[in-house]
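Notes follow once the structure below has been shown.
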Amino acid sequence: MKNIVLVVMDTARYNSVLDTQADLPTFEALRDRGVAYTSAFASAPWTLPSHSGLFSGQYSSRHGASAAAKRFPEHTSTIVQTFENASYETVAVSNNTWISDEFGFARGFDTFRKNWQYIQSDVDLGKIAREEEGFDKIRGVAKQLFDGNPIVNAANAVYGQFVRKRADDDGAKSTNRWVSDWLDDRDDSDPFFLFINYLEPHLEYRPSEEYTGEYLPEGVSYAEAMEVNQDAWSYIANDVEMTDRDFEILEALYHAEIAYLDERIGKLRRLLEETGEWKDTIFVVTGDHGENIGDHGLMDHQYSLHDTLIQVPLVIHGGAFTGGETVDDLVQLTDIAPTLLDAAGIDTEEFTKELQGQSFHPDAETEPREYAFAEYLAPQPSMEALEKRVGDLPEEVYEYDRSLRAIRSHDWKLIRGSDGSIELYHVAEDPAELENLASERSKKVSELESELDRWLNSFEHADATGDADMSDSTKDRLEDLGYLQ
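In case it helps, the working numbering puts the sequence shown at residues 637 to 1121.
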């Protein structure tokens, strides 16, 4: 039986991984020898509902996890439980607080490592935040008093060393160290299912300096790049002004994070090769959602269902997924669960009857998708949480107080809001989704709305109420990641 390694690059958008001029040798090798999917879409634009769809093979309306119900419900079966029942050793290493037992994701795993609890040799994360805040204050005072003088340069140098130290101790490196020890010590009589969530591309972008030189605009230093605003909510609330240059710098830092993670995933592959597991492993790398870096007037990954948030990289290597093929068929993260069951040769009617996803395994007898679907069932953060964070909001921000659903074919994309808003994009000619054609193409709007409604009426919807009982430390960590509660 094949091992399964499922790697999620948190917040990795498609065009930063599979449609980029950046040097990403790990992904280039996986593309050359595996199968790359150029039209892969998440079912939701942020971590909790997207991972719920990945694990269950269901869409948000079916499994129910959203900003209105912040927990992956226990009654929903998962791919992990299916592999556990098939005598797989099931292991998870998560670097994202949402993906934890507290939010319903640990069931089925024999081992679940919440890696953020172990980063930096158990140094208290609150102390790190306070130290960083202290460095910010030192630099701010020095800049005001001695702008242009060596003291500023010294403060920036100290801060740069601090940021580099943090990067050296980051989650990806720590994750790989733990996986290396686990591979060395495990009983290899059973196959394994290994899930990893790497967090590096997530805000805030803090790559070490060595990865940024290739990407920063000419004339911009690492220290200057670290000064650019990364508070998405202040930007959305118009509390800070940001220029095209600022977003060019942020995108450079984001690409540097991707480049660093490409190297770490390459190390993970070498660990599997060194322990003799690679040849018997189905290796999947994807993103749970993308990122807006000034796109559509937004930062972070909320309030939108544009392709910047839902089109994700997907590369698979091993078993039938070899030969360097590039596939343009529409696939979704909800399709990964049945595809992996086919790859492992596991037949389980109990789980598959609950699936909404369909296998895209090369040997599967399924027709390619005509449409992909995505849902954003409630705003995260809510307007109340945003007001608490930034104060009074401009009137236009309240337009985000809505749910969204999208239907996408290869050529067309429709996004419908609970406020009655309609967006229609001819993505074949307008991949950046800049021109809303809804008022001009009413027939196409009607056609796609009918297909969307037909899909929504084809399954039972979950009761999307109730939240996880979060500890104060969990709330603090989620807020550090930009999730306002």
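Heads up, the beta-carbon is just placed ideally off N, CA and C, and yes, glycines get one too. All values derive from a computational prediction rather than experimental measurement.
Legend entry - Supposed contact pair Ser692 and Ser1129 - C-beta distance, whole angstroms, cut 8 Å: The structure shown has nothing for residue 1129, since the chain only spans 637 to 1121.
Inset, instruction - With DSSP as the reference, please indicate the residues paired to Asn928 in a beta bridge. - result: Asp936
Legend entry - Val1033 versus Ala1042, Glu1023, Arg1041, Asn1072, residue with shortest Cα-Cα distance: Glu1023
Legend entry - Nonlocal neighbours in the same chain, by C-beta distance under 7 Å from Asn732, ignoring five residues either side: Asp646, Thr683, Asn833, Leu835
Inset, instruction - Would you mind listing the beta strand (DSSP E) stretches within the region 936-997 that are 3+ residues and don't spill past its ends, in chain order? - result: 950-953, 961-963
Legend entry - Range of the contiguous beta strand (DSSP E) that encloses Val890: Going by the sequence as given, residue 890 is Tyr instead of Val. Element bounds for Tyr890: not the beta strand (DSSP E) but the alpha helix (DSSP H), 880-910.
Inset, instruction - Express the C-alpha separation of Arg1052 and Asp1089 in angstroms, rounding to a whole number. - result: 11 Å
Inset, instruction - Could you name the residues of the same chain whose beta carbon sits closer than 8 Å to that of Gly807, not counting the 5 residues immediately before and after it, in chain order? - result: Asn731, Asn751, Trp752, Ile755, Tyr834, Leu835, Glu836
Inset, instruction - Count the other CB atoms, across all protein chains shown, that sit within 10 Å of the CB of His687; report buried if there are 16 or more and exposed otherwise. - result: buried
Inset, instruction - Give a yes or no on whether the C-beta atoms belonging to Arg1038 and Ala1008 are separated by under 8 Å. - result: no
Inset, instruction - Figure out for me which residue from Leu690, Gly902, Ala1064 has the closest Cα to the Cα of Asp964. - result: Ala1064
Inset, instruction - Note down, one range per segment and in chain order, each alpha helix (DSSP H) of at least 4 residues found wholly within the region 1050-1103. - result: 1078-1092
Inset, instruction - Could you check what DSSP says for Lys809 in three-state terms: helix, strand or coil? - result: helix
Inset, instruction - Could you please give the first and the last residue of the uninterrupted alpha helix (DSSP H) stretch that includes Glu846? - result: Run containing Glu846: none; DSSP gives neither H nor E here.
Legend entry - Alpha-carbon to alpha-carbon, Ala658 and Ala648: 14 Å
Inset, instruction - Note down, in chain order, each residue of its chain lying with its Cβ closer than 6 Å to the Cβ of Glu840, except the 5 sequence neighbours on either side. - result: Gln866
Legend entry - Span separating the alpha-carbon of Leu1114 from that of Lys1079: 43 Å
Inset, instruction - For the beta strand (DSSP E) containing Phe829, list its first residue and its last residue. - result: 828-834
Legend entry - Alpha-carbon spacing of Ala791 relative to Asp880, whole angstroms: Below a pLDDT of 50, predicted positions are generally treated as unreliable, and Ala791, at 44, falls in that range; no measurement from the model is reported.
Legend entry - Where the beta strand (DSSP E) through Ile918 begins and ends: 917-923
Legend entry - Alpha carbon of Glu961 to alpha carbon of Phe919, nearest angstrom: 15 Å
Legend entry - Residues bridged to Lys750 [DSSP beta-bridge criterion]: Ser730
Legend entry - Extent of the continuous alpha helix (DSSP H) to which Met1021 belongs: Note on residue identity: the sequence assigns Ala, not Met, to residue 1021. Residues 1019-1026.
Legend entry - Short Cβ contact (8 Å threshold) for Ile946 with Glu887: no
Legend entry - CA-to-CA distance, Val641 to Arg667, given in whole angstroms: 16 Å
Legend entry - Short Cβ contact (8 Å threshold) for Leu1117 with Ile715: no
Legend entry - Backbone secondary structure at Leu696 - three-state DSSP: Here residue 696 turns out to be Ser, not Leu, going by the sequence shown. Helix.
Inset, instruction - Flag this pair as yes or no: are the beta carbons of Phe663 and Asp898 separated by less than 8 Å? - result: yes
Legend entry - CA-to-CA distance, His937 to Ala705, given in whole angstroms: 18 Å
Legend entry - Bounding residues of the beta strand (DSSP E) (the contiguous stretch that carries Arg1041): 1040-1044
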